[in-house]
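Participant:
Number of protein chains: 2
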Amino acid sequence: MNDSSAYQPPRVWTWDKENGGNWASTNRPTAGATHPAELPRGNHPLQLYSMATPNGQKVTIMLEELLALGETEAEYDAHLIRIGDGDQFSTGFVAANPNSKIPALIDYSGDTPIRVFESGAILLYLADQFGQLLPQSRSERTEVLNWLFWLQGAAPYLGGGFGHFYNYAPEPLEYPINRFAMEVKRQLDLLDQQLAQHRFIAGEAYSIADIAIWPWFGGLVRGALYNAAEFLDVDAYKHVQRWAEEIALRPAVQRGRIVNRTWGAPAEQLHERHQADDFKGLSVPQPR
Amino acid sequence: MNDSSAYQPPRVWTWDKENGGNWASTNRPTAGATHPAELPRGNHPLQLYSMATPNGQKVTIMLEELLALGETEAEYDAHLIRIGDGDQFSTGFVAANPNSKIPALIDYSGDTPIRVFESGAILLYLADQFGQLLPQSRSERTEVLNWLFWLQGAAPYLGGGFGHFYNYAPEPLEYPINRFAMEVKRQLDLLDQQLAQHRFIAGEAYSIADIAIWPWFGGLVRGALYNAAEFLDVDAYKHVQRWAEEIALRPAVQRGRIVNRTWGAPAEQLHERHQADDFKGLSVPQPR
């Protein structure tokens, strides 16, 4: 450890706005709306408000998979929420998700609109709504949900822990980087052992467990997150690599991961998605 | 910031066993079993392997609530897993939960045993199994699950983030403490705004959302976690306080929170629970 032991926390914590690293402008110690603005609404029953972070990708991949399976009722409008600009703090967004995090879904298909927030909750909602990508039998369904919930508790260590301290914090701090690197490597080893025994995360069938975990851990081992592939020696996790590549080849995954994306190659950005034709001209497999 | 900028991460991360603070002995960069040992098994269909951490309390509170509702099939054996001793790394435990975290449940009620891990998955499994504490209507069920998933993603910031750096790390580091204190205060403010409008987390009915959130945030505002009540000014969150006190008065909560508990007053410790009579002589309301 270096000489940082001089710090002693105050009796009562107070907010110093300067001390947040990247994303400091979007982090606050209070919840709720900061400005009035309505959410846009398209023609489909499913209205998604999101951005193509790993949590955002989960839902657009799920919706593209459902459409690829022939579920025409899964047609959706995906509106862009620019989290760097604070769109998630509008009155409209906060009504959809008081936690001010993307993604948020509003389902207008029934008598009254239903708000769904937290990416894991949205995957479960859609899987149950369409009877897809989540097995019916009690034991198989339970194993998928075990891993879905696992991801929701694991991702904060990967993103808010490791990713933040390794990539976004104003300066590298040894103890937090070690703490979170160790945990992320444990998570990778866990997935590697599971995927040594099974083709997919929860068994032999592709499911919402894969859709939840791939944008995070698939992105990590494919070098797409935090510039950390060498630091974490991701090549050592052969089974995770095999699984990540197989999923990356799925047409619905290739489409879903670029919806609400505002970075990377222009041919891999679809800022908003309102109909299948919106993918025309982009470098992804076109919907049938 | 203090002068800690001298640190530069290595090209490839390696494990330094000395650098972990409290709980260092239970944290590793690899997954899987370290020693052979079978799990004990009692007489009931539901076998729980746990400890009375906040995540452990969720499930024992749930089971006591189900029994209080007259669900006699919710009778259970709660076996103690001493995580400080590494019980979670036995072959038996890893078969129940490859992630080596408490709680883990095995349900022997059907033709084949079903393993359930992740505390949120266990709450959902039991709620669906018994048709209790999770509303039937699509919109009400969805709102409960929104908040259940919210907790699973929020608790790592409270426990693995704030709690670790404020209470367990070998020395206090200013930047991580500020980062996680700000997030926990945002979470508290979010809950406070929600509970200003509703008696319980997801509406007017007590649900698995309350059972998930109370051990963490109820514990925090009641001063039971991390010695952080003054630092976080928890008295400012009046609605969270009101809710936390109401739930703390529930007999099933008072019983559930002491199951698999190995600290505190002896009259508030029930190391293992195998039948209702096991609460006799302890300072909690006795089951009917």
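If you read the sequences in order, they're chains A and B.
Oh and the first sequence: position 4 is 248 in this note's numbering, straight run, nothing missing.
Oh and the second sequence: position 153 is 397 in this note's numbering, straight run, nothing missing.
Note that beta-carbon positions come from the ideal geometry of N, C-alpha and C, so glycine has one too.
Would Q291 (chain A) pass as an interface residue toward chain E - the criterion being a Cβ-Cβ separation below 8 Å?
Facilitator: Absent here is chain E; the protein component of the structure consists of chains A and B.
Participant: Suppose contacts are defined by Cβ-Cβ distances below 8 Å. Is I213 (chain B) in contact with V497 (chain B) by that definition?
Facilitator: Only positions 245 to 532 of chain B appear in the structure, and residue 213 (chain B) is not among them; the question remains open.
Participant: Using a Cβ-Cβ distance under 8 Å, would Q301 (chain A) count as near chain B?
Facilitator: No, its Cβ sits nowhere closer than 8 Å to a Cβ of chain B.
Participant: How is T258 (chain A) classed by DSSP in three states: helix, strand or coil?
Facilitator: Reduced to three states, the DSSP call for T258 (chain A) is coil.
Participant: Which residues of the segment 429-441 of chain A have a Cβ closer than 9 Å to any Cβ of chain B? Give them in chain order.
Facilitator: Here the close residues are K429, R430, Q431, L432, D433, L434, L435, D436, Q437 and Q438.
Participant: Alpha carbon to alpha carbon, how far is N411 (chain B) from A468 (chain A)?
Facilitator: Answer to the nearest angstrom: the Cα atoms are 34 Å apart.
Participant: Taking the straight line between their C-alpha atoms, what separation do you get for N246 (chain A) and A399 (chain B)?
Facilitator: In this predicted model, N246 (chain A) has a pLDDT of only 48, less than 50, meaning its place in the structure is not dependable; the value taken from the coordinates is given anyway. Cα-Cα distance, rounded: 29 Å.
Participant: So is E317 (chain A) in contact with chain B if we call contact Cβ pairs under 8 Å?
Facilitator: So no, E317 (chain A) is outside the interface.
Participant: Alpha carbons only, please: which of A:G364, A:R385, A:P289 and A:E309 is nearest the one belonging to D355 (chain A)?
Facilitator: When only C-alpha atoms are compared, the closest one is A:P289.
Participant: Please report the distance separating the alpha-carbon of S248 (chain B) from that of P414 (chain B).
Facilitator: Residue placement at S248 (chain B) is poorly supported in this model, since its pLDDT is 49, which falls under 50; the coordinates are not used for a value here.
Participant: Could you say which of A:Y251, A:E282 and A:R255 lies nearest to D477 (chain B) if we only look at CA atoms?
Facilitator: Checking every option, the nearest Cα to that of D477 (chain B) belongs to A:R255.
Participant: Name the chain A residues whose beta carbon is nearer than 8 Å to that of T386 (chain B)?
Facilitator: By Cβ distance, chain A contributes I358, R359, V360, A365 and Y369.
Participant: Would you mind working out which of A:R382, A:R326 and A:L395 sits nearest L367 (chain A), comparing C-alpha positions?
Facilitator: Among A:R382, A:R326 and A:L395, the Cα nearest to that of L367 (chain A) is on A:L395.
Participant: Under a CB-based cut-off of 8 Å, is P280 (chain B) close to chain A?
Facilitator: Taking Cβ atoms only, chain A never reaches closer than 8 Å to P280 (chain B), which makes this a no.
Participant: How close, in whole Å, do the beta carbons of I325 (chain A) and F337 (chain A) come, if the pair is a contact with beta carbons under 8 Å?
Facilitator: Correct: roughly 7 Å between the Cβ atoms.
Participant: Since W215 (chain B) meets chain A, which of its residues come closer than 7 Å, beta carbon to beta carbon?
Facilitator: Because chain B is modelled from 245 through 532, residue 215 (chain B) falls outside the range shown and cannot be assessed.
Participant: Does the segment 328-346 of chain B come within contact of the segment 268-279 of chain B, defined as at least 3 CB pairs closer than 8 Å?
Facilitator: Segments in contact, yes.
Participant: For a cutoff of 8 Å on Cβ pairs, would you count S383 (chain B) as touching chain A?
Facilitator: True, the Cβ-Cβ gap to chain A drops below 8 Å.
Participant: Measuring CA to CA, which of A:W507, A:V503, A:P347 and A:P357 is closest to G528 (chain A)?
Facilitator: Going by the sequence as given, residue 528 (chain A) is Val instead of Gly. Measuring from the Cα of V528 (chain A), the nearest candidate turns out to be A:V503.
Participant: Around the Cβ of D521 (chain A), are there at least 16 other Cβ atoms within 10 angstroms (buried) or fewer (exposed)?
Facilitator: Classification for D521 (chain A): exposed.
Participant: Going along the segment 484-498 of chain A in order, which residues come within less than 9 Å of chain B, judged by CB to CB distance?
Facilitator: Per Cβ criterion, the list is empty.
Participant: Distance check for G364 (chain B) and Y352 (chain A), CA to CA, integer angstroms please.
Facilitator: The straight-line gap from Cα to Cα measures roughly 27 Å.
Participant: Would you please verify whether the beta carbon of Y410 (chain B) is less than 8 Å from any beta carbon of chain A?
Facilitator: For Y410 (chain B), the answer is yes, since a Cβ of chain A falls inside 8 Å of its Cβ.
Participant: P284 (chain B) to I358 (chain B), Cα distance in whole Å?
Facilitator: Cα to Cα, P284 (chain B) sits roughly 16 Å from I358 (chain B).
Participant: Between the C-alpha atoms of E474 (chain B) and F461 (chain B), what's the straight-line distance to the nearest angstrom?
Facilitator: If you take the alpha carbons of E474 (chain B) and F461 (chain B), they lie about 14 Å apart.
Participant: State yes or no: is the beta carbon of E448 (chain A) nearer than 8 Å to at least one beta carbon in chain B?
Facilitator: Chain B contact via Cβ: absent.
Participant: Just checking: is the beta-carbon of Q332 (chain A) within a distance shorter than 8 Å of some beta-carbon in chain B?
Facilitator: No, Q332 (chain A) lies away from the interface with chain B (no Cβ there is under 8 Å from its Cβ).
Participant: Tell me the DSSP bridge mates of R517 (chain A)?
Facilitator: DSSP lists A:A322 as partners of R517 (chain A).
Participant: Which same chain residues, not among the five before or five after R517 (chain A), have their C-beta less than 6 Å away from its C-beta?
Facilitator: So the qualifying residues of the chain are A322 and V503.
Participant: How would you write the range of the beta strand (DSSP E) that V528 (chain B) sits in, first residue to last?
Facilitator: Taken as a continuous stretch (DSSP letters only), V528 (chain B) belongs to no beta strand (DSSP E), as it is neither H nor E.
Participant: Starting from Y293 (chain B), trace the beta strand (DSSP E) in both directions and tell me its first and last residue.
Facilitator: Y293 (chain B) -> beta strand (DSSP E) spans L290 to S294.
Participant: Any Cβ of chain A within less than 8 Å of the Cβ of P420 (chain B)?
Facilitator: It does: the Cβ of P420 (chain B) has a partner Cβ on chain A nearer than 8 Å.
Participant: Check for me: the beta strand (DSSP E) holding L349 (chain A) runs from which residue to which?
Facilitator: That run of the beta strand (DSSP E) goes A348 to D351.
Participant: Within its chain, find whatever has a CB closer than 7 Å to the CB of L310 (chain B); leave out the 5 residues flanking it on each side and keep chain order.
Facilitator: Contacts found: A318, L370, F374 and Q376.
Participant: With 16 other CB atoms within 10 Å as the buried threshold, where does N287 (chain B) fall?
Facilitator: Looking at its Cβ environment, which holds fewer than 16 other Cβ atoms inside 10 Å, N287 (chain B) is exposed.
Participant: Can you tell me where the alpha helix (DSSP H) holding V503 (chain B) begins and where it ends?
Facilitator: It is not in any alpha helix (DSSP H) - V503 (chain B) carries neither H nor E in the DSSP assignment.
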